[in-house]
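For the record, in the sequence shown the residue sitting at position 100 is 929 according to my numbering, with numbers rising by one throughout.
Backbone N, C-alpha and C define an ideal beta-carbon position, used for all residues, glycine too.
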Amino acid sequence: MIRRSKDMKEVVLENLRGGDGAVSMLRLLEKEDMREKMSLCAISTIPPGAGIGEHDHTSDSEIYYVLEGEVQVTDEGEEYTLYAGDIMFTGDGESHQVWNASEKDAKLFLVVMNI
Numbered sequence: 830m831i832r833r834s835k836d837m838k839e840v841v842l843e844n845l846r847g848g849d850g851a852v853s854m855l856r857l858l859e860k861e862d863m864r865e866k867m868s869l870c871a872i873s874t875i876p877p878g879a880g881i882g883e884h885d886h887t888s889d890s891e892i893y894y895v896l897e898g899e900v901q902v903t904d905e906g907e908e909y910t911l912y913a914g915d916i917m918f919t920g921d922g923e924s925h926q927v928w929n930a931s932e933k934d935a936k937l938f939l940v941v942m943n944i
């Protein structure tokens with residue numbers, strides 16, 4: 830399957846999972862394209878002061894790969910700073926959140942894999 834950039838949809842989500850502000854998601858693939866193997870494959874832009882609230886993963890796992898900028902994350906209650914090129918994996922039964930405490934937009938590649 831090939832998906833052209835002109836066919837990708839961008840959505841803006843307010844207060845995603847209880848986070849602050851609005852986060853945009855460029856959906857690289859739609860759910861039906863992923864044949865139940867994944868539920869999200871997107872590039873997310875997180876502006877300063879915005880983020881995705883803390884949430885648990887049940888029956889899935891998620892990868893955050895930082896493409897640009899820097900973000901703060903919690904991973905099982907511990908806080909870290911991730912920079913461009915860093916990756917975070919949150920497994921089934923674990924929790925995390927991400928927010929942008931910097932002064933520039935951050936861009937992340939996100940994948941949620943179903944188990």
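Counting along the chain, Ile881 sits inside the beta strand (DSSP E) bounded by residues Gly880 to Asp885.
Leu857 sits in coil when the DSSP states are folded into three classes, being neither helix nor strand.
Ranked by Cα distance from Asp889, the options Ala935, Phe938, Val895 and Ser924 are led by Ser924. DSSP places Lys838 within a strand segment (E or B) once states are collapsed to three. Within 10 angstroms of the beta-carbon of Ser834 lie fewer than 16 other beta-carbons, which makes it exposed. Bounds of the beta strand (DSSP E) holding Glu907 are Glu907 to Tyr912. For Met867, the three-state secondary structure derived from DSSP is strand. Close CB contacts of Ala871 within its chain, under the 7 Å cut and outside five residues either way in sequence, are with Met854, Leu855, Arg856, Leu857 and Leu939 (chain order). Straight through space, the alpha carbons of Ser868 and Ile944 are spaced by roughly 10 Å. The alpha-carbon of Glu907 is positioned some 14 Å away from that of Val900.
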